[in-house]
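This report refers to the structure that appears directly beneath it.
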Amino acid sequence: MAVDGEAVRLRSEADEPGWEVDPDDDWGVAVVATVGRQLKLRREAAGMRAAEFGTAVGYGEDLVYKIEGGKRIPRPEYLDKADKVLRAGGLLSAMKEDVEKVRYPKKVRELAELEAKAVEMGVYVGLSIHGLLQTPEHARALFEVSQSAYSEAELERLVAARMGRKSIFGQDPAPVLSFVQEEVTLRRRVGGTMVWRQQLEHLLEVAESRNVTLQVMPTDSGAHPGLSGKIEVLKFEDGTAVGRSDGAFNGRPTSDPKQLRILELRYSTIRAQALSPRESLAFIEQLLGEA
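The sequence shown maps to residues -4 to 286 in my numbering.
Next up, the structure:
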């Protein structure tokens, strides 16, 4: 087919890496299957063949069938185009929120949901930069060296899932976010010098937000409660909280008041021993200057 004398290239499966359905995610499978049925029913009600519809939304016929059959996760823009072509009045576009969640692995989705509900969050990380603070390039480099032999599609999906959690920064009202990073996590040039510099610049940018506090724990600070592993404490609007630490309570999430007090005390001690927020930003700027 041609438009204005130029061939129209329709999206194929090769253009859509990372949008496969996880067969072990029951909720995700159900959501994608339901959306696929709705798309098919509306297309047929409009009297459009799959090939004709695919051309209208910019997708190949085979990919249209896979989406309608619940075998592929439709992109948000696919649903927007389908809504317009099929004159669904916004009903298909309204499915984007659930469909986007399906793309993220189940464990990541559960973590993102907790983070999205939090009004306050405190995190100490000793081995790597926290996922909420990572750039896409930094995250991809970490996944690539994990020895897990991810396919390109799996890499795309994992990076997208990690970046998707960053929606917490755009919430209104904004939650109070506190991060303490070990110095070594900032010095390690993950992904090479360019990716490393971009990561440090991103940290400085994030730290400019009024609701974000970023601190650095110097390597020469001596012993502190975070040496046994990562610590996370999330507090919610209803007064409840959940915490987790690699070095406490078998590493499992806890809502027990006594255990939460222990984690909060450890995190408070860590913050007190770390550089102040102003000193921390100056330290990161110094690292950039040394590169």
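Yeah, the Cβ is synthetic: ideal placement off N, Cα and C, and Gly gets one too. All values reported here derive from a predicted model rather than from experimental measurement.
Its chain contains 74, 75 and 78 as the residues whose beta carbon lies nearer than 7 Å to that of residue 88, once the 5 sequence neighbours on both sides are disregarded; these appear in chain order. Taking the Cα positions, residue 152 is about 10 Å away from residue 158. Of the residues 16, 138 and 61, the one whose Cα lies closest to the Cα of residue 35 is 61. DSSP places residue 263 outside any beta strand (DSSP E); the residue lies instead in the alpha helix (DSSP H), whose first and last residues are 252 to 268. In the structure shown, residue 176 adopts extended strand secondary structure according to DSSP, grouped into three states. Among the bridge pairs identified by DSSP, residue 116 is matched with 172 and 229. For residue 15 and residue 113, the gap between their C-alpha atoms comes out near 30 Å. Counting only runs of 3 or more residues that sit fully inside the stretch 176 to 249, the beta strand (DSSP E) segments are 207 to 212, 226 to 231 and 236 to 240, in chain order. A direct Cα-Cα distance of roughly 6 Å separates residue 59 from residue 49. Taking 8 Å as the cut-off, the beta carbon of residue 195 is found closer than this to the beta carbon of residue 283. For residue 164, no alpha helix (DSSP H) run applies, since DSSP gives it neither H nor E. Counting only the Cα atoms, residue 30 lies some 7 Å from residue 90. The beta carbon of residue 110 sits closer than 8 Å to those of 116, 127, 160, 163 and 229, all from its chain and outside the five residues before and after it, given in chain order.
The three-state secondary structure of residue 6, taken from DSSP, is strand.
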